[in-house]
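Below is one structure, written out as structure tokens; comments come after it.
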Amino acid sequence: MTTDILADLNSKQREAAETIDGPLLIIAGPGSGKTRVITHRIGYLVRVCGVTPYRIAAVTFTNRAARDMRQRLVPLLGPGIKDLVAGTFHSFCAMILRREGQAMGLDRNFAIYDDSDQVELIKRCMKEVDVDPKRFAPRAIQSRISGAKSQLLGLEGYAAAGKDYFDEIVLRVYERYEQLLTRSAALDFDDLLFKTHALFEKVPEVSDKYQNRYVHFMVDEFQDTNVAQYAIAKHLSQKYRNLCVVGDPDQSIYSWRNADIRNILSFQTDYPEAKIIALEENYRSTQTILGAAGKLIASNTQRVEKDLWTSNGTGVPIVVNECYDAPEEAQFVVKEVMNLQDGAYALGDIAVMYRVNAQSRALEEACLRYGVPYQLIGGLKFYQRQEVKDLTAYLRLVANPTDDVSLTRVINVPARGIGRRTLDELTRIARDASISMYSAIEGLVGANENGGPADVAAGALAARSVKALTDFRNLIKELAAKSEELDLIELIDLVLQRSGYKRYLVEEAERGEERWENIQEFRASARDYLVMGIREALTAFLESVSLVSDVDTMEERADAITLITLHQAKGLEFPVVFIVGMEEGLLPHLRSMDDPSEMEEERRLCYVGVTRAKERLFLLRAFRRGFRGSSEPGLPSRFLADIPEELIVTPGRSASGGSKQAGRQSVSRRSIDTVTRRRVTDGASDQDPVMPAVTTGDKVRHAKFGDGIVVSRVPSGTDFEVTVAFKEGHGVKRLLLSFAGLEKVE
DNA sequence: GCGCTTTGATTTTTT
DNA sequence: ATCAAAGCGC
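If you read the first sequence in the working numbering, its first letter stands for residue 6, the second for the next number, and so on.
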């Protein structure tokens, strides 16, 4: 039994999985089988030690990581897996607060404000407390407030610590911000952590309940946790002291989001008895890649040395190349991709990574031009799109009408004659009475219906404005009432119809068609929630909308290359990796230049990128790069200088014109052959596409409906639902991919 | 109150 | 280059 589960672990991994009593720190280098250790450790706990999954919590950095973990655990835990808590800190805390938050006066239907909601609210606060948004960037204030919460200072702590002039300003906004959040029954991202911690501190019954429950608590990506997260982990494992944290200080890349690498040090002082296990064997990369990574990270001074090694072969040299500008760099990538594809690789084996999202543009254009299918992660995030946010705001209002940010967002979308004047007046009333804007409307409407001439509140508003507000209130009321009898999809349809949003999009809005399609995609994503009761479904759906990121929904596709930021790439691996924009000012980024510790973080970011690669790595830079219109020459990244020359091959400067293909091609060819042999012996084909690789925009043929174009593709259970627009009067059809028998046509 | 034009600023990374 | 906020005429 015992040997069964841990059989395929190496001795260190095995030791980590078997250490189940007391605090444990696992330092896991890149590619060292970290996820494997975590899942096997859980499997061992359940299968061998007889711990019920209900008593285990595993917190990961992304939902995607949690999903992967669950998937791998299914064969080990069977149906018991549903009792295992596996999620991000934020979703874990949201769950606790929904369940227990009333103990400290929290509304069960609290809204969750994401980043942009926060900034909206902060702008409004600034107006109210008379802080000029031109002198002080709302974003900067938001980041201070976020910092205060992440470090568990909160308003009081911040007030006590604050010193300089800017702090004074922030404090004024912060105070109002908290009032408005409370008034809106809303929590921001940081509150999810901050309030959970506060709940544990203030309400012993709740604290006891969860401390008793979690006999084993595990934290993944520990190097990227903040003070609040660590405090919560500590708190929950106080009783059993079985806290297992896994991380790699060299991959800490989120200090800007208040992640505190010192947590690793604190862990060792907080738990002096902790066992520390380092996983140093790398199963992922070639010696060449690992060697380059090692040299790269060795230049950091603030680090604990590690001895990473691999028994993999040497592999092929790293390709370093300079191109003239970003478009040429992108073209180089695409040409190489085409070479690799004829050789040994599928498109899904290839990723292109970059420092800033803006760099994806040139890459997309090149892919489009040469017909290379790509999958862009992040960028203009789906849930951040205007139409999706608008619809979400309506749904949030149905769940919680006191949500001021959502109300302000859609009260006049589509236009209903509620303009700035009315809105200003409404804000004033709400402020004076310390109530939400929705309640303010209720008040106005009530006063108006009673026909009181001494109607002080509405005095400043025209009758037609009051009428418009009344109509809006009735709309929300109606939606809320009807929502009880509908399912989530029906509710969405009702919202779209009754609010006039559908008509607005289709008939008047710019790019209406495209945006309507996004709405359709969003609507389809609600499908997963139909099994629950409407109320529960609505809350869960809204929560996932706020808490789910783009990497989370990333599909493993064999038929497209992946374009992704270095940050998002953490935790992923690809046989072939291109890192573009290896230039001073970009990687390392300009903003890190004057701070040595930020510079070290840039280096770690680069290290993360390099260590994503299994077999082939390309490091590219452009001689000059466009920046907001103009274009400026740049210098090669200092990180390139850290990589030993013997690990590098340079195709030669790709000067304009001429026969630049020849030399490069021969290098590529030879290298691919080497790799091909290895891959064949591995016998590992990680993808077996049973279904045709059909994606949005593809031309397809159906036996009955003929030719059409794929409008959208949405996961649906283990299958995909594709929406296809067919020609010749067959119209738009929704089909399940596995049954549709679609054939791709060119 | 609405919609057009002008002006001005602008984020690096994301749960 | 791009987008949001402010200003202005209807």
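Note that beta-carbon positions come from the ideal geometry of N, C-alpha and C, so glycine has one too.
Residue i - partner residues in DSSP beta bridges
i, result
"residue 64", "92, 224"
"residue 707", "711"
"residue 642", "Note: residue 642 sits in no beta bridge, so no partner."
"residue 623", "324, 583"
"residue 569", "358"
"residue 631", "636"
"residue 591", "594"
"residue 654", "324"
"residue 749", "705"
"residue 351", "The partner list for residue 351 (beta bridge, DSSP) is empty, contrary to what the question assumes."
"residue 618", "579"
"residue 231", "264"
Outcome for residue i when other beta-carbon atoms lying within 10 angstroms are tallied against a minimum of 16
i, result
"residue 376", "exposed"
"residue 372", "buried"
"residue 268", "buried"
"residue 319", "exposed"
"residue 170", "exposed"
"residue 281", "exposed"
"residue 54", "exposed"
"residue 338", "buried"
"residue 28", "buried"
"residue 200", "buried"
"residue 598", "exposed"
"residue 780", "Past the boundaries of the shown model lies residue 780; the chain is included only from 6 to 751, so the question cannot be answered."
"residue 317", "buried"
"residue 324", "buried"
"residue 415", "buried"
"residue 661", "Any reading at residue 661 is ruled out, since the residue's pLDDT is 39, under 50, leaving its predicted position unreliable."
"residue 2", "Only positions 6 to 751 of the chain appear in the structure, and residue 2 is not among them; the question remains open."
"residue 136", "buried"
"residue 361", "exposed"
"residue 80", "exposed"
"residue 439", "exposed"
Span of the alpha helix (DSSP H), counted from its first residue to its last, around residue i
i, result
"residue 448", "442-454"
"residue 17", "16-23"
"residue 517", "517-530"
"residue 394", "391-404"
"residue 412", "409-415"
"residue 309", "That residue, residue 309, is in no alpha helix (DSSP H); it is neither H nor E in DSSP."
"residue 335", "331-347"
"residue 217", "209-218"
CB contact flag (residue i, residue j, <8 Å)
i, j, result
"residue 478", "residue 447", "yes"
"residue 294", "residue 618", "yes"
"residue 248", "residue 264", "no"
"residue 355", "residue 566", "yes"
"residue 232", "residue 157", "yes"
"residue 150", "residue 118", "no"
"residue 350", "residue 580", "yes"
"residue 748", "residue 705", "yes"
"residue 616", "residue 254", "no"
"residue 494", "residue 535", "yes"
"residue 189", "residue 410", "yes"
"residue 399", "residue 250", "no"
"residue 334", "residue 311", "no"
"residue 574", "residue 358", "yes"
"residue 329", "residue 628", "yes"
"residue 1", "residue 604", "Here the chain has residues from 6 to 751 only, and residue 1 is not among them."
"residue 649", "residue 626", "no"
"residue 220", "residue 108", "no"
"residue 65", "residue 93", "yes"
"residue 393", "residue 488", "no"
"residue 365", "residue 427", "no"
N-terminal and C-terminal residue of the beta strand (DSSP E) that residue i is part of
i, result
"residue 580", "579-584"
"residue 193", "191-193"
"residue 381", "379-381"
"residue 249", "248-252"
"residue 29", "29-33"
"residue 284", "280-284"
Give the list of continuous alpha helix (DSSP H) stretches no shorter than 4 residues that lie fully inside the stretch 100-137.
Within the stretch 100-137, the complete alpha helix (DSSP H) segments at least 4 residues long are 120-133, listed from N- to C-terminus.
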